[in-house]
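What follows is a short report on a single structure.
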């Protein structure tokens, strides 16, 4: 699906993105040296638990962080050759919406409850594109039709509370698409919705993205959501990207123990009922005082002494597009040896009890 | 989907909860009525986990709450351990409720932010302890340990110092402390990350085994419900569509709606690209539900008779019941 631009330049280039926040307990490093590129029309799935930094990452890209956020000068976010970090507030106003748009998690609170749907869709059209009232209204009807809302003309005069959650998320998608953005960021767009509605919304996003040749970043905590939808996946843990690859390559040769554990924790329909789930024991580290070594080490079944002492950088093995940050990757001889040694010892280098994990 | 009928009720001495012809309606102003639950019947055996699954608005939470008499149903009967709950009032009902507890969807907002964990968990004991005879200072610590929290560390903390998964553990401890027979879990994992979801589901299974609990597990995700349940009821717009053991439900979904629910679950494998049809349209208003089968407005198998005649639950396999005029006769097995 990805088609490099005519100039050969990617649509979005993120280099060494780090974001920290000053808190009463000290500096909290929410995102730590993340780099990636996104081509026109491509979908990138960003997967991780709550607190892994995935939402802060995209808010940093959009430049919509609170003023307390600290971003070092070497961080570069380049959209079509332009560094978004250098935009003035006035320039940024016409950057959001026309270049990059966002769909948030909660459709109940993303819309203004006291404004009609029609006003909320026509506002960006009139502000960004200078449309007349009647032209904006006609375009709004087209947009609602595009996101498959029945009776679009009638909806314009309704308020958000008159629509169901799924319908509201469709309206939000219509607003996000109104000014033809080049990049759509969807931050957990279906987490607050039922599974049936989730499927409808994900199908809708996929179709729209293909028809409009728009790039998309899809953020989720569920690997199942991005498996069939994203061209590429980046797995994040504790502020760092731990594995990234083409979706098929990632699922075929999952290298990072965290990515593997995340996949295994999903309850599968084909398993008989009362199948014990492989939960990931423990919790993510405190990002005010992150561990010196690999941040997943304390929960990892493969952890060795080296993992505690040294922070692994993203590396490749064979496929240059498949990068992972692990000293003992899953499915490699080193990884197998590390796991076998830990299983024999009954615990890992960080003291994680593997026998207890198997039963409790 | 009509799902009236009682063919699926079991005649067993182990029946702990029996719900018959349950109707719950709420006034919606100007003389209108929300038909939240319309004439459903089911039973739960002691030690069993009953899964209730369906979309928002299908009445699954209302059904769970009606068992607790929160509020009492509009009509119908709920018996718990042989006692008719709908006839009880005041002190008797309060005493009865100590044997049933609930866990809710949002673990953070279901805990009082200004109280310490030990006080939250001990609340039931401080009210009932002397009367039910289980009160002891160690009971709180023992329960916290059972749910995987270290009482030394957590007792004096307040809810905001915990993650969502840990708050759900506190809620489970609070539910367990009075040694109930039944726990009604209303979407206990839908607000949690998948990795934490697995921890909580495993914990519920452990607690069920350790304390001999009976669970009513309410959720919208069939994969989650299947994992924990012994019997699953699929609900739609206040009615029952299908009742089955979870493995049969997944292997041979008879009701068209069940099939749609199964197909909606995202497959964590890019090679099994899914091109299945999503459910069409929106759930109709429970103020004026469709006549006949309530699912007919969105059903791929719909015929004329569905608008006039409400299907009744009938047996199609061992313990497998469906309320549909045109169930999927040769259900396609989705390969594992």
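Residue numbers (UniProt numbering), protein chains in the order written: chain W, 1 to 360; chain X, 1 to 336. Every residue, glycine too, gets a C-beta built ideally from N, C-alpha and C. All values derive from a computational prediction rather than experimental measurement.
1) For residue 224/W, which residues of its own chain have a beta-carbon under 8 Å away from its beta-carbon, when the five flanking residues on both sides are left out?
2) Please state whether the Cβ-Cβ distance between residue 24/X and residue 36/X is less than 8 Å.
3) Roughly how far, in whole angstroms, is the beta-carbon of residue 236/X from the beta-carbon of residue 295/X, given that I think they are within contact range, below 8 Å?
4) What's the gap between the Cα of residue 305/X and the Cα of residue 146/W?
5) For the stretch 27-104 of chain W, which segments carrying the alpha helix (DSSP H) assignment without a break, of at least 4 residues, lie completely within its bounds, in sequence order?
6) On a CA-only basis, which of 102/W, 64/W, 16/W is nearest residue 74/W? Give me that one, please.
7) Thinking C-alpha only, which one of 317/W, 355/W, 105/W, 274/W is nearest residue 254/W?
8) Any beta-carbon of chain W closer than 8 Å to the one on residue 336/X?
9) Compute the Euclidean distance between the alpha carbons of residue 193/X and residue 48/W, then round it to the nearest angstrom.
10) Please name the residues in the stretch 194-211 of chain W whose beta-carbon is closer than 8 Å to at least one beta-carbon of chain X, in chain order.
11) For residue 320/W, does the three-state DSSP call read helix, strand or coil?
12) Would you list, in chain order, the members of the stretch 205-231 of chain X that have their beta-carbon closer than 8 Å to a beta-carbon of chain W?
13) Tell me, to the nearest whole angstrom, how far the beta carbon of residue 31/X is from that of residue 286/X; I am working on the premise that it is less than 8 Å.
14) Taking C-beta to C-beta, are residue 21/X and residue 59/X nearer than 8 Å?
15) Within the same chain, show all residues whose beta-carbon is closer than 7 Å to that of residue 113/X, passing over the 5 residues directly before and after it, in chain order.
16) Using the three-state DSSP reduction, which class does residue 284/W fall into: helix, strand or coil?
17) Name the DSSP bridge partner or partners of residue 186/X?
18) Of the choices 278/W, 249/W, 272/W, whose alpha-carbon is the least far from that of residue 263/W?
19) Output yes if chain W places a C-beta closer than 8 Å to the C-beta of residue 285/X; else output no.
20) With distance defined between alpha-carbon atoms, name the residue in 58/W, 13/W, 10/W, 8/W nearest to residue 31/W.
21) Does any residue of chain W have a CB that is nearer than 8 Å to the CB of residue 247/X?
22) Quick check on residue 120/W: buried or exposed, where buried means 16 or more other Cβ atoms within 10 Å of its Cβ?
23) Just the Cα atoms here: how many angstroms apart are residue 217/W and residue 45/W?
24) What residue range is occupied by the uninterrupted beta strand (DSSP E) comprising residue 27/X?
25) Contact between the stretch 202-213 of chain X and the stretch 331-345 of chain W is defined here as three or more beta-carbon pairs at a separation below 8 Å; is this criterion met?
26) List the residues of chain X whose Cβ lies closer than 7 Å to the Cβ of residue 322/W, in chain order.
27) Does the contact criterion of 3 or more C-beta pairs under 8 Å hold for the stretch 91-102 of chain X versus the stretch 136-144 of chain X?
28) By the criterion of Cβ-Cβ separation under 9 Å, what are the contact partners of residue 159/X in chain W?
29) Along chain X, in chain order, which residues have C-beta atoms closer than 7 Å to that of residue 279/W?
30) Classify residue 174/W as buried or exposed, calling it buried when 16 or more other Cβ atoms lie within 10 Å of its own Cβ.
31) Taking 8 Å as the cut-off, decide whether the C-beta atoms of residue 15/X and residue 43/X are in contact.
32) So who's on the other strand from residue 147/W, going by DSSP bridges?
33) Could you check the C-alpha separation between residue 200/X and residue 169/X for me, to the nearest Å?
34) Taking just the CA atoms, how far does residue 184/W sit from residue 63/W?
35) What residues of chain W sit near residue 250/X, judged by a beta carbon separation below 8 Å?
36) Who does residue 77/X pair with in a DSSP beta bridge?
Taking the coordinates as given:
1) 266
2) yes
3) 5 Å
4) 34 Å
5) 54-62, 89-93
6) 16/W
7) 317/W
8) Bear in mind that the predicted position of residue 336/X carries a pLDDT of just 35, short of 50, making it unreliable; the figure below should be weighed with that in mind. It does; some Cβ of chain W falls within 8 Å.
9) 9 Å
10) 194, 195, 196, 197, 198, 199, 200, 202, 203
11) strand
12) The stretch 205-231 of chain X vs chain W, Cβ under 8 Å: 205, 206, 220, 221, 222, 223, 224, 226, 227, 228, 229, 230.
13) Rounded, the Cβ-Cβ distance is 15 Å, inconsistent with contact.
14) no
15) Counting only Cβ-Cβ distances below 7 Å, and skipping sequence neighbours, we find 158, 159, 160.
16) Three-state DSSP puts residue 284/W in coil, outside helix and strand.
17) For residue 186/X, which the question treats as bridged, DSSP gives the partners 218/X.
18) 278/W
19) no
20) 58/W
21) yes
22) Burial of residue 120/W is indicated by the presence of at least 16 other C-beta atoms within 10 angstroms of its C-beta.
23) 6 Å
24) 15-27
25) Too few Cβ pairs lie closer than 8 Å, so no.
26) Near residue 322/W there are no residues of chain X at all, since even the closest Cβ is about 14 Å away, more than 7 Å.
27) no
28) Going along chain W, no residue has its Cβ under 9 Å from residue 159/X, so there is no contact; the nearest lies around 16 Å.
29) 195, 198, 199, 202
30) buried
31) With contacts defined by Cβ atoms closer than 8 Å, residue 15/X and residue 43/X form a contacting pair.
32) DSSP output for residue 147/W lists no bridge partner at all.
33) 7 Å
34) Straight-line Cα distance between these residues: approximately 14 Å.
35) Simply 269, 270.
36) 20/X
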